[in-house]
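Colleague:
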Amino acid sequence: MKLDHESMRSFWMPFTGNRDFKSEPRMLVKAEGVYFWNDRGEKIIDASSGLFCCAAGHCRKEITEAVYRQMGTLDYSPPFQTGQPLAFEFANRVAALTPAGLDHIFFTNSGSESVDTAMKIAYAYHYARGEGQRQRFVSRERAYHGVNLGGVSLSGMIKNRQAFGAGVPGVAHMRHTWLPENRFVKGQPESGAELADDLERLALNYGPDTIAACFVEPIAGSTGCLVPPKGYLERLREICTKYGILLVFDEVITGFGRTGKAFAADSFGVMPDVMTMAKALTNAAQPMGAVAVSDEVHDVIMKAAPEKAIELFHGYTYSAHPAACAAGIATMDIFEKEKLFDRAAEMSGYFLDSIFALSDLPVITDIRGYGMLVGIDLKAQQQPGVAGLEAQKRLFQNGLNLKATGDSLLVAPPLVSQREHIDEICSKLRESLSSMT
Ligand SMILES: Cc1ncc(COP(=O)(O)O)c(C=O)c1O
């Protein structure tokens, strides 16, 4: 199909300047390994693993074949009151990776659904304990927790909230963790742990027994890779435990090796009560998300319901879809066989050094990074977001695709990347950004 302006009319593109895009399309038609190809047959390196999801690289044959086989065996089965074996197998595989004690897996179809599911599980847990008055949530400025109304209410990105009403009532936001003195710090900054005390202030302001859960991305991803200061997550954990507040880590970006371990919870040594995930869960070959829940939270909800009753009135038509489970299991096989989390840990030093070497470019005002995830801030032009979009377009023309949010560029290469791919990414960044001021 030849795509001209008219034939692009019907598709309302998500999170895209539709009119701008349709006058200047950037079309991807093929992918393999760490590369895309555009509709002119040009090769484009994928510097953001799609949207942080294709950790094992694109078009992995093992995943394609597993999905194909499953579609010819059991294409769909209703997930309510009937089961299919892959759902149980995949839940066990995910639980084997999540931190010990976070072993109960609820499947969804996206990160956004995982976040809203985690909010409902938090409500249900407190309700089951006779603390149904815990209806407030605490999250953070500059947070991104997806686009469903629960997640948008938690989110701390003005554009994602502005046009969409007041949201779920009772959400309070802690300050974000970006501090000017921590510019160009590689890894965890030394200062800023005290920002976690915002949680205690909010708890004491609203009443600690009114707060159901505190949601944070261990590394705030979408707003530019804000790495938690040393001691920050530990402090959040302490305050949550002190006041009976559930700690939820949104690991939709950080999960599955991005930080050099299975989850950021492992990398930072802090254990949440609930963890959301999606993206690399299936290497993005099928849409899927999941929520990992602690024994305590799970068991309380189970025990509150009569023996044969439904314990949680929640689920999706496509929860644990057979094709998604097949993709997920094949993905876990690749992660294991190729030791991709260890590989990420090994490559991280080279990756971070190479990206931080771009600090001399005048347009770059800050770089932050941890594991295989980096945020690069560009000097803002008259309007926020203009520099980010301009850079993204220049880079695409120069054969590099990445995710930009506002004026931050996010670099998160597939975990299968070799040094030569990191070199290619960095030299294209230098070429494209050096003429921007
Ligand atoms: C931390 C976090 N939570 C939730 C989401 C939403 O995931 P999805 O786009 O799959 O709904 C994202 C997406 O980038 C994310 O980064």
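Position 45, counted from 1, in the sequence shown is what numbering that gives the first Met the number 0 calls 44; the numbers after and before it change by one each time, with no gaps.
Cβ atoms here follow ideal geometry from the backbone N, Cα and C, with glycine treated the same way.
Which runs of the alpha helix (DSSP H) spanning at least 4 residues fall entirely within the segment 154-219, listed in chain order?
Modeller: DSSP runs (the alpha helix (DSSP H)) wholly in the segment 154-219: 157-160 and 196-205.
Colleague: Would you call the segment 73-83 and the segment 318-326 in contact, with 3 or more CB pairs under 8 Å?
Modeller: Touching, yes, given that three or more Cβ pairs across the two stretches are closer than 8 Å.
Colleague: On the three-state DSSP scale, how would you describe residue 91?
Modeller: Of the three classes helix, strand and coil, the one that applies to residue 91 here is helix, per DSSP.
Colleague: Please report the distance separating the alpha-carbon of residue 101 from that of residue 82.
Modeller: Approximately 22 Å between the Cα atoms of the pair.
Colleague: Which runs of the alpha helix (DSSP H) at least 4 residues long sit entirely within the segment 292-332? Give them in chain order.
Modeller: Listed in chain order, they are 294-303.
Colleague: Identify whether residue 51 lies in helix, strand or coil by the three-state DSSP scheme.
Modeller: Reduced to three states, the DSSP call for residue 51 is helix.
Colleague: Give the DSSP bridge partners of residue 249, in chain order.
Modeller: Per DSSP, 275.
Colleague: Does the beta-carbon of residue 434 have 16 or more other beta-carbons within 10 angstroms, so that it is buried, or is it exposed?
Modeller: Burial call: exposed.
Colleague: To which residues does DSSP link residue 36 through a beta bridge?
Modeller: Residue 36 is bridged to 29 and 42.
Colleague: Can you tell me whether DSSP reads residue 414 as helix, strand or coil?
Modeller: Residue 414 falls in the coil class under three-state DSSP.
Colleague: On the DSSP bridge list, what partners appear for residue 399?
Modeller: Partner(s): 44.
Colleague: Comparing C-alpha positions only, which one of 104, 25 and 42 sits nearest to residue 276?
Modeller: Residue 104 is the option with its Cα nearest to residue 276.
Colleague: Which residue comes first and which comes last in the beta strand (DSSP E) that contains residue 138?
Modeller: Element bounds for residue 138: 135-139.
Colleague: Spell out the partners DSSP gives residue 367 in its beta bridges.
Modeller: DSSP, once it has assigned bridges, lists 374 as partnering residue 367.
Colleague: Do residue 173 and residue 197 have their CB atoms nearer than 7 Å?
Modeller: Yes; because the gap between Cβ atoms is below 7 Å, this pair is in contact.
Colleague: Under the three-state reduction of DSSP, which class applies to residue 221: helix, strand or coil?
Modeller: Here residue 221 sits in coil by DSSP.
Colleague: Please confirm whether residue 147 and residue 115 have their CB atoms less than 7 Å apart.
Modeller: A contact, by the Cβ cut-off of 7 Å.
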